[in-house]
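Have a look at the structure below, then the notes.
In the working numbering, the protein residues as written are 65 to 209.
This is the structure in structure tokens:
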């Protein structure tokens, strides 16, 4: 709305930090055509049951991508601890080593293989979303090679 008031006629782009339903409610039609990138979308069918269970357990609160990312983090930590314990070495260093070398580990949002040198997930898909009709719409899923 501020951009419109300034006479700016641009397409906005953002990362997953702005990928929340509240943004659409606040902005109105001014964001039509804007883009965001995210690792996951709460409207994906595979999260429908989780979302329903979450809403039933937490009335008035909606699960979103940060709920999912938090579950990914907890599941990764659990994996690291379990791997370290399997090796008889539940130390911070052993947990770190397990996390750095995790390969095809199923977390909440996807299977993850970690790149030890960058600590980033290897080839994790990226969703490109666009505002269409006051809702987020999937434009493309990009998977790095």
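We put the CB at the ideal spot given by N, CA and C, even for glycine.
At the level of alpha carbons, what is the spacing between residue i and residue j?
i	j	result
residue 165	residue 180	6 angstroms
residue 94	residue 201	16 angstroms
residue 88	residue 171	29 angstroms
residue 160	residue 197	45 angstroms
residue 193	residue 156	38 angstroms
residue 75	residue 67	10 angstroms
residue 105	residue 65	25 angstroms
residue 122	residue 135	16 angstroms
residue 120	residue 113	11 angstroms
residue 143	residue 167	11 angstroms
residue 199	residue 86	11 angstroms
residue 195	residue 78	12 angstroms
residue 204	residue 107	15 angstroms
residue 70	residue 109	39 angstroms
residue 131	residue 145	21 angstroms
Rounded C-beta distance between residue i and residue j? I'm assuming under 8 angstroms.
i	j	result
residue 97	residue 80	Contact flag wrong, Cβ pair sits at about 18 angstroms.
residue 178	residue 163	6 angstroms
residue 187	residue 207	6 angstroms
Where does residue i land, buried or exposed, given buried means 16+ other C-beta within 10 angstroms?
i	result
residue 147	buried
residue 152	exposed
residue 90	exposed
residue 176	buried
residue 149	exposed
residue 111	buried
residue 127	buried
Can residue i be considered in contact with the ligand ZN, in the sense that its beta carbon sits closer than 8 angstroms to one or more heavy atoms?
i	result
residue 123	In the structure on display, the ligand ZN does not appear, and there are no ligands present to speak of.
Taking 9 angstroms as the cut-off, decide whether the C-beta atoms of residue i and residue j are in contact.
i	j	result
residue 173	residue 133	yes
residue 83	residue 125	no
residue 169	residue 140	yes
Start-end ranges of the alpha helix (DSSP H) lying completely within the region 111–170, minimum 4 residues: 112–121, 129–150 and 156–164
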